[in-house]
Amino acid sequence: MEREVIFFVFLIVVAAAVLLGLVFARLRQPVIMGYLVAGLLLGRLLEGQHIDPAIIQAFADFGVSFLMFSLGVHFSFRELIELRRIVIRGGLLQIGLTLIAAFLIFRALGLTTAQAFVLAELSAISSSVIGFTLMELRGTLNQPAARPTASILLAQDIAVVPLVAIIPALVGSDTVNVVLSLGKSITLAVVALLTIAVLGVRIVPWLLFQIARVGSRELFLLAVVLLAIGTAVGSEWAGLSFALGAFLAGIVVSESEFSYQVLGGILPLRDVFGVMFFAALGLLADPFALLQSWPIALAILIVVTVIKGFLAAAVVAFLGYSPTVAIRSGAFLAQIGEFSFVLGLLGLQVGILDHTLYNAMIGAAIASLLLNTLLLTLTERARWLLEPPLRLVGRPTALQEIDSAEFPSPPLRGHVVIAGYGRSGREVGRVLQRRRFRFVVIDRDPVLVRDLRRLGIQAIYGDVANEQVLLAAHITSARVFVVAVPDAFAAEAAVRLARTLNPTLDIIARADRRAFVARLVEAGATEVVHPSFEAGLEMVRHTLHRFGMSMQEIQAIVAARRIDYYEEQGHLSE
9 MEREVIFFVF
19 LIVVAAAVLL
29 GLVFARLRQP
39 VIMGYLVAGL
49 LLGRLLEGQH
59 IDPAIIQAFA
69 DFGVSFLMFS
79 LGVHFSFREL
89 IELRRIVIRG
99 GLLQIGLTLI
109 AAFLIFRALG
119 LTTAQAFVLA
129 ELSAISSSVI
139 GFTLMELRGT
149 LNQPAARPTA
159 SILLAQDIAV
169 VPLVAIIPAL
179 VGSDTVNVVL
189 SLGKSITLAV
199 VALLTIAVLG
209 VRIVPWLLFQ
219 IARVGSRELF
229 LLAVVLLAIG
239 TAVGSEWAGL
249 SFALGAFLAG
259 IVVSESEFSY
269 QVLGGILPLR
279 DVFGVMFFAA
289 LGLLADPFAL
299 LQSWPIALAI
309 LIVVTVIKGF
319 LAAAVVAFLG
329 YSPTVAIRSG
339 AFLAQIGEFS
349 FVLGLLGLQV
359 GILDHTLYNA
369 MIGAAIASLL
379 LNTLLLTLTE
389 RARWLLEPPL
399 RLVGRPTALQ
409 EIDSAEFPSP
419 PLRGHVVIAG
429 YGRSGREVGR
439 VLQRRRFRFV
449 VIDRDPVLVR
459 DLRRLGIQAI
469 YGDVANEQVL
479 LAAHITSARV
489 FVVAVPDAFA
499 AEAAVRLART
509 LNPTLDIIAR
519 ADRRAFVARL
529 VEAGATEVVH
539 PSFEAGLEMV
549 RHTLHRFGMS
559 MQEIQAIVAA
569 RRIDYYEEQG
579 HLSE
């Protein structure tokens, strides 16, 4: 019976999330909103079904672990160094000011010190997913407001780690116990981080390398899942949070050569269980109880949308950006993030928050996401009030001067991406190297990838049909994509994906069997090479030359036969 309940809950939650996620996507709203609303509705529909909350909590824990693990893999010390001035000055200043203002407001409303601090924590964090999604939908990823917004979001993502570690320390009867518990939590976090830095950086990449040498995608993915869940469970046993352990596991992988393949493999799991996490938040919430906690919900909403948005805009302006950029950046940050739910759920688990405050947070989160779109629309319409004076300013700001020297150069453009560095791919690479054309190699042989890197050739470990791997090779700005992998199905999937990511890309693919020529063309390949047929043409060329035919005649015969052959496969049919 228990198994049937688990399957029932999983299927009905996913079905409702798909339906409502589609509705919110059509309304140009974040799909996360659909997942939350799906959970809220299902929570009322299933109210009399006596479903064990532990089942829902288990789904939520899986979602938390994969969300935090993927965040850890995204985390990059190099990126932090490149954005250090904006991240440290802007991000920490925004978080600190919001924490202080929110804490004072919540304390004034009569909440305990621990409750006020947890609500202040989750109010200070914005959603990276929602922020970047809104920037992409509005076409502002390349506009000036994107840089400070992204930097502050990065700082907030990093700040989730100490904020998560602090929450268990707040469970104490007096100030002394709180300080001692806080010191214990921070000490455990530092020890865990040092252990991972010393042991994990050496052991985990070595283990992943040995598994990768086997060549099994399934084993590699299982090892990644074991790493994410195992570290999360171990962290919880050590007295830290489940989420913190998963994040630290992601950091271990982030600097290895397997990070893109790991990220590509874990993202589908993150998306599936992330849906369960957000839906579980709704399932565990009670919308009717929100009527009793509306003053707190309104206070959280005001803190998130008005106070945090204003403080974020003020911080961006303090960094030297124009008022227009500052206001737009503040509007993008005026919402509650997905990791705020992690903090809220952790506060509920340790007993700091009760269900009344938790429901208030859920209600404020949904309202903040709805108001965020309205705020962005208002800031866009108000641009004309601020832009005319700005046009009179001809001298760049100090921060703009810093940006030009501090930020990294643009990524690869107009290069060649070679998928599969076997005989065919290696020949292409040798010619490109001699002519000094830039190229990137993608291969699933970890030994080959390391050897190429030692030779100074850019190489990425991973599946050619993995979107994260292709993005790491800058496929969106490449000129040519050479697909020379022996797996025909992987080649077809890679061609389709690359064509979607870069519609103008010139794609040359190899088809070992005649039947796959047409399939690769239909998938979007510009040219398809059939090695057996091309070898036959070389034999024809040599044979005819022996009979005294001129090279021009031979070239004409070979070219005509090549056209006829590929036309038969649908290669040149429009």
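Numbering (the working numbering) for the sequence shown: 9 to 582. Just so you know, even glycine gets a beta-carbon here, dropped at the ideal spot from N, CA and C.
What does the Cβ neighbour count give for residue i, buried or exposed, with the cut at 16 atoms within 10 Å?
{"i": "L48", "result": "buried"}
{"i": "G556", "result": "exposed"}
{"i": "M76", "result": "buried"}
{"i": "G402", "result": "Low confidence applies to G402: its pLDDT is 38, below 50, so where it sits in the model is not reliable, and the reading given next is rough at best. Burial call: exposed."}
{"i": "A406", "result": "Model confidence at A406 stands at a pLDDT of 34, short of 50, so the residue's coordinates are unreliable and nothing is read from them."}
{"i": "E265", "result": "buried"}
{"i": "R399", "result": "The pLDDT assigned to R399 is 38, lower than 50, so where the model puts this residue is not dependable, and the model offers no usable value."}
{"i": "M284", "result": "buried"}
{"i": "I96", "result": "exposed"}
{"i": "V198", "result": "exposed"}
{"i": "E500", "result": "buried"}
{"i": "S136", "result": "buried"}
{"i": "S4", "result": "Residue 4 is absent from the model: the chain starts at 9 and stops at 582."}
Using 9 Å as the threshold, is the C-beta distance between residue i and residue j below it?
{"i": "I516", "j": "V491", "result": "yes"}
{"i": "V333", "j": "A153", "result": "yes"}
{"i": "S159", "j": "I259", "result": "no"}
{"i": "I308", "j": "I360", "result": "no"}
{"i": "V425", "j": "V448", "result": "yes"}
{"i": "S262", "j": "V81", "result": "yes"}
{"i": "Y43", "j": "A68", "result": "no"}
{"i": "A122", "j": "T106", "result": "no"}
{"i": "V323", "j": "V72", "result": "no"}
{"i": "R452", "j": "Y469", "result": "yes"}
{"i": "V493", "j": "V472", "result": "yes"}
{"i": "A173", "j": "G99", "result": "no"}
{"i": "I483", "j": "A467", "result": "no"}
How is residue i classed by DSSP in three states: helix, strand or coil?
{"i": "I344", "result": "coil"}
{"i": "F125", "result": "helix"}
{"i": "V548", "result": "helix"}
{"i": "V425", "result": "strand"}
{"i": "V358", "result": "coil"}
{"i": "V584", "result": "Lying outside 9 to 582, the shown extent of the chain, residue 584 is not represented and no answer is given."}
{"i": "I410", "result": "With a pLDDT of only 35 at I410, under 50, the local geometry of the prediction cannot be trusted, and the value read off the model is given with reservation. Here I410 sits in helix by DSSP."}
{"i": "I96", "result": "helix"}
{"i": "V524", "result": "Note that residue 524 is Phe in the sequence shown, not Val. Residue state, collapsed to three classes: helix."}
{"i": "D165", "result": "helix"}
{"i": "I562", "result": "helix"}
{"i": "R52", "result": "helix"}
{"i": "Q466", "result": "strand"}
{"i": "E535", "result": "strand"}
{"i": "V472", "result": "coil"}
{"i": "A517", "result": "strand"}
{"i": "D279", "result": "helix"}
{"i": "V449", "result": "strand"}
{"i": "V179", "result": "coil"}
Of all the options the options, which has the alpha carbon lying nearest to the alpha carbon of residue i?
{"i": "I175", "options": "F125, R221, P213 and P156", "result": "F125"}
{"i": "I315", "options": "F347, F111, V529 and I468", "result": "F111"}
{"i": "D520", "options": "E535, P511, P539 and V529", "result": "P539"}
{"i": "G253", "options": "A236, F266, F32 and Q269", "result": "A236"}
{"i": "M369", "options": "S73, V312, G328 and I562", "result": "V312"}
{"i": "M547", "options": "L101, Q357, V566 and M41", "result": "V566"}
{"i": "I20", "options": "A33, L53, L30 and F32", "result": "L53"}
{"i": "Y573", "options": "Q563, E542, L552 and H550", "result": "E542"}
{"i": "V280", "options": "F347, R554, F18 and I108", "result": "F18"}
{"i": "V212", "options": "G238, I133 and Q563", "result": "G238"}
{"i": "I374", "options": "T387, G355, L386 and S348", "result": "S348"}
For residue i, I'd like the list of residues in its chain whose CB is within less than 6 Å of its CB, leaving aside the five on either flank, ordered along the chain.
{"i": "E421", "result": "The amino acid occupying residue 421 in the given sequence is Arg; Glu does not appear at that position. The residues are S485."}
{"i": "Q560", "result": "none"}
{"i": "S78", "result": "I274 and R278"}
{"i": "Q476", "result": "Y268, L271 and G272"}
{"i": "R487", "result": "G422"}
{"i": "A231", "result": "I219"}
{"i": "F524", "result": "A496"}
{"i": "M41", "result": "F32 and L377"}
{"i": "V39", "result": "G29, F32 and A33"}
{"i": "V222", "result": "none"}
{"i": "A240", "result": "S73, F250, G253 and A254"}
Mind checking whether the beta-carbon of residue i lies closer than 8 Å to any heavy atom of the ligand HEM?
{"i": "M41", "result": "Although the ligand HEM was asked about, the structure shown includes no ligands whatsoever."}
Looking only at its own chain, which residues have a Cβ that is under 7 Å from the Cβ of residue i, when we skip the five neighbours before and after it?
{"i": "Q102", "result": "I160, L319, A320 and V323"}
{"i": "G352", "result": "L130, L361, Y366 and M369"}
{"i": "I113", "result": "A307 and V311"}
Got a sec? Which residues, its chain only, sit under 8 Å from residue i by beta carbon, not counting five neighbours each side?
{"i": "G290", "result": "Y43, L44, V45, A46, G47, L48, L49, L50, G51 and I370"}
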